[in-house]
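Student: The sequence shown: position 121 = 120 (numbering that gives the first Met the number 0), numbered continuously.
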Amino acid sequence: MEVVYEASGHFPPSIQFIILCVVDALFTVVCCSKLRRFLIGEVRPFTVGEKIFFGFIIFFLTGIVVITIVSGFDAKRIYAEYRAGKAQIVEGEISDYRPNLEENEAPDHFDVNDLSFEIPGGTTPWGYPLRQREGGELADGVYVKIYYVVYKYENVIMRLEIKRE
0 MEVVYEASGH
10 FPPSIQFIIL
20 CVVDALFTVV
30 CCSKLRRFLI
40 GEVRPFTVGE
50 KIFFGFIIFF
60 LTGIVVITIV
70 SGFDAKRIYA
80 EYRAGKAQIV
90 EGEISDYRPN
100 LEENEAPDHF
110 DVNDLSFEIP
120 GGTTPWGYPL
130 RQREGGELAD
140 GVYVKIYYVV
150 YKYENVIMRL
160 EIKRE
């Protein structure tokens, strides 16, 4: 069996996340600066439309930042379970491989011994990420050994071995 994927405990922030944090911080600073300048009488007050617009933008961006951070903590918890030896193992041939053939972020799906798995692509910080259209080599009939951790509703692939003939 050849190891083709093993999860890593290193989850660096993506460039998109860093840009999002910078934009969120800039919006917040601009709004707070204008509010401070209004309080000391230098500028006109926010109009109702401006309050709604800037409030929505800050709320939305901050929400995405918080969700991303919480997701990162979940990834660390899942990895900790794997490193502690709490992963389950399934071995057998892949059946019913259903690739995502659309140009969207939907996952590929497959089964091994009646256990269902998803390959989410680059949308999560954990699990085997390569769908077929991104160069993944999983398909019907491929013999695999999968170490996985159950998280909410999915079996997260932490280690993937393929039997080469």
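Note that beta-carbon positions come from the ideal geometry of N, C-alpha and C, so glycine has one too.
In the DSSP assignment, find the alpha helix (DSSP H) that holds Lys165 and state where it starts and stops.
Tutor: Nothing can be reported for residue 165: it is not among the residues displayed for the chain, which extend from 0 to 164.
Student: Check the DSSP bridge columns for Glu92 and list the partner residues they point to.
Tutor: Tyr142.
Student: How would you label Pro12, buried or exposed, when you count the other beta carbons within 10 angstroms and need 16 or more for buried?
Tutor: The residue in question, Pro12, is exposed, as its Cβ has fewer than 16 Cβ neighbours within 10 Å.
Student: Who does Asn154 pair with in a DSSP beta bridge?
Tutor: BP columns for Asn154 point to Val149.
Student: Apart from the five residues just before and just after Ile77, which ones in its own chain have a Cβ nearer than 7 Å to its Cβ?
Tutor: Same-chain partners within the cutoff: Trp125, Val148, Tyr150 and Val155.
Student: Buried or exposed for Met0, please, with buried defined as at least 16 other CB atoms from any protein chain shown within 10 angstroms of its CB.
Tutor: The residue is exposed, with fewer than 16 neighbouring Cβ atoms inside 10 Å.
Student: On a Cα-Cα basis, can you pick out the residue from Ile14, Phe53 and Ser70 that is closest to Cys31?
Tutor: Selected option, being the one with the closest Cα: Phe53.
Student: By the three-class DSSP mapping on this structure, what secondary structure does Asp113 have?
Tutor: Correct three-state label for Asp113: coil.
Student: Within the same chain, show all residues whose beta-carbon is closer than 6 Å to that of Gly8, passing over the 5 residues directly before and after it, in chain order.
Tutor: Tyr78.
Student: Of all the options Glu80, Ile145, Thr67 and Tyr81, which has the alpha carbon lying nearest to the alpha carbon of Glu92?
Tutor: Nearest option by C-alpha distance: Ile145.
Student: Counting only the same chain and skipping the five closest in sequence on each side, list residues whose C-beta sits under 6 Å from that of His108.
Tutor: Same-chain partners within the cutoff: Arg97 and Glu117.
Student: Would you report the Cα separation of Ile18 and Leu60, rounded to the nearest angstrom?
Tutor: Distance between the alpha carbons of Ile18 and Leu60: 11 Å.
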